[in-house]
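Visitor: The structure follows.
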Amino acid sequence: MSEKGATYRAIRLERIAPSFREGCEIVDLPSREPGPGEIRVRNRFCGINGIFDTQIARDAVDYVKIALPTFTGVEAIGVVEAIGEGVREFAVGDAAVSVRFTGGYREENTAPASAFVKAPAPTREYLALSSTGVSAMVALERIGELKDGETVAISAAAGGLGHFLVQLAVLRGCHVVGVAGGPEKCAFVKSLGAARVIDYKSEDVAEVLGREYHNALDVAVDTVSGKIHDAFLANLANHGRLVVGGAAADLEGKPEIVTAPRIANSIYYKGASVRGFMNGLLTPYWDDARERLFALYEDGKLKACIDEARFTGIEGIYDGVERLLSGRSSGKVIVDLVEAT
Ligand SMILES: NC(=O)c1ccc[n+]([C@@H]2O[C@H](COP(=O)([O-])OP(=O)(O)OC[C@H]3O[C@@H](n4cnc5c(N)ncnc54)[C@H](OP(=O)(O)O)[C@@H]3O)[C@@H](O)[C@H]2O)c1
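Quick note, the sequence shown lines up with residues 0 to 340 if you use numbering that gives the first Met the number 0.
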């Protein structure tokens, strides 16, 4: 039973604004007992998706219709503290993960049991695997149609999504070319098994790929867009697949005028393709991906790397978002929702 009059805190988007922090408020909400089919989860950690959060605050995410105010955040992991009538999938004390929009940036979540998945323990690593890990696996397998031993290019390769993409491709015996900003992040990507890492801050990605990987990329996963997208597209192999999974460069907000040949010219003679990756449209594959990711992690074959910056409490989420946007993070940015006592 929750204490009578108990409350918890969550981040709510109150207004459309240029940044997440400016658009949001921290609100107190009443705790409630779970109804039939519901569980109540006390969250321990939440995962930061700073680019998505910023675009949500700007009302610039095409596929999410915002009715203000709206709760925010996607993924959190915690412990089940109460279950409603008829719930069989969870017991009090289980670790439960939410991977759906509005389930992330909150200390407590009472919702249908079907909105959560079970994890072996309420840790940062299982949170990262359940959310971003699943995105990486599904993007590579279902959209990239990755085959063993292929040559794979990955942008933002040191990031939350990128570090999983690199490792999963390496595990398939692929030759991985990572792109990241700065020597530390590049060394990190190399340590994950990438064969070549391009530091776009000191090297020209188009020039390096043209020289070392001309028409050699079987799969390229890009979440940055702009010049990196162009360089990946120009160097696809015959039957190469360019997976578009994000457009971080769009955050800059400057409209880009593109005066280039139509895409037909880049793909026709190679039988290549450009494919959109949207994890939310691939839910039938999530359970299987999560199970395999947990097994790889538990067997010591896959690392879930967490960014070294530590943020605590609901207020820490704003700092986590800004850390991710700074481009300085490596691995998944995670906030500890439980204040140290
Ligand atoms: N389509 C989907 O279903 C799906 C699912 C999950 C994530 N995503 C996308 O995947 C991307 C990575 O997400 P993540 O949460 O794991 O983030 P992240 O990669 O941990 O952090 C973002 C990274 O993007 C790079 N970047 C390039 N231009 C940037 C800019 N203008 N502002 C900020 N960062 C920039 C930076 O690395 P470098 O400087 O090293 O390049 C930065 O570290 C995001 O674009 C996200 O929206 C898409």
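Glycine residues also receive a C-beta, built at the ideal position from the N, C-alpha and C atoms.
Rounded to whole angstroms, what's the CA-CA distance from Glu88 to Phe19? Just pull it up for me.
Guide: 35 Å
Visitor: Got a sec? Which residues, its chain only, sit under 8 Å from Arg99 by beta carbon, not counting five neighbours each side?
Guide: Excluding residues within five positions, the ones whose Cβ falls inside 8 Å are Val73, Ala114.
Visitor: Please confirm whether any heavy atom of ligand 1 lies closer than 7 Å to the CB of Glu21.
Guide: no
Visitor: One question on the structure: do Val165 and Ala152 come within less than 8 Å of each other, judged by their Cβ atoms?
Guide: no
Visitor: Could you spell out the range, first to last residue, of the beta strand (DSSP E) harbouring Cys23?
Guide: Segment 23-29, the beta strand (DSSP E) holding Cys23.
Visitor: Say yes only if the C-beta of Met277 is nearer than 7 Å to one or more non-hydrogen atoms of ligand 1, and no if none qualify.
Guide: yes
Visitor: Determine the extent of the alpha helix (DSSP H) in which Leu216 is found, giving its start and end residues.
Guide: Where Leu216 is concerned, there is no enclosing alpha helix (DSSP H), although the beta strand (DSSP E) it sits in stretches over 216-221.
Visitor: DSSP state of Lys331, grouped into three classes?
Guide: Here DSSP, grouped into helix, strand and coil, assigns Lys331 to strand.
Visitor: Does the separation of the CB atoms of Leu126 and Ile333 fall below 8 Å?
Guide: yes
Visitor: Just to confirm my understanding: we take Asn48, look at its own chain, exclude 5 residues before and 5 after, and list those with CB closer than 7 Å. What are they?
Guide: Val73
Visitor: Please classify His213 as buried or exposed, where buried requires at least 16 other C-beta atoms within 10 Å of its C-beta.
Guide: exposed
Visitor: Do Ala303 and Leu128 have their CB atoms nearer than 8 Å?
Guide: Yes, they are a contact pair.
Visitor: Can you give the Cα-Cα distance for Pro35 and Val86, rounded to whole angstroms?
Guide: Rounded to the nearest angstrom, the gap between the Cα atoms of Pro35 and Val86 is 7 Å.
Visitor: Starting from Pro182, trace the alpha helix (DSSP H) both ways and give me its first and last residue.
Guide: 182-190
Visitor: Could you check which residue in Leu292, Glu255, Thr282, Gly244 has the C-alpha nearest to that of Val273?
Guide: Gly244
Visitor: Which of helix, strand or coil does DSSP assign to Glu338?
Guide: coil
Visitor: Take Arg240 as the anchor and find which of Val220, His174, Leu191, Val257 has the nearest alpha-carbon.
Guide: Val220
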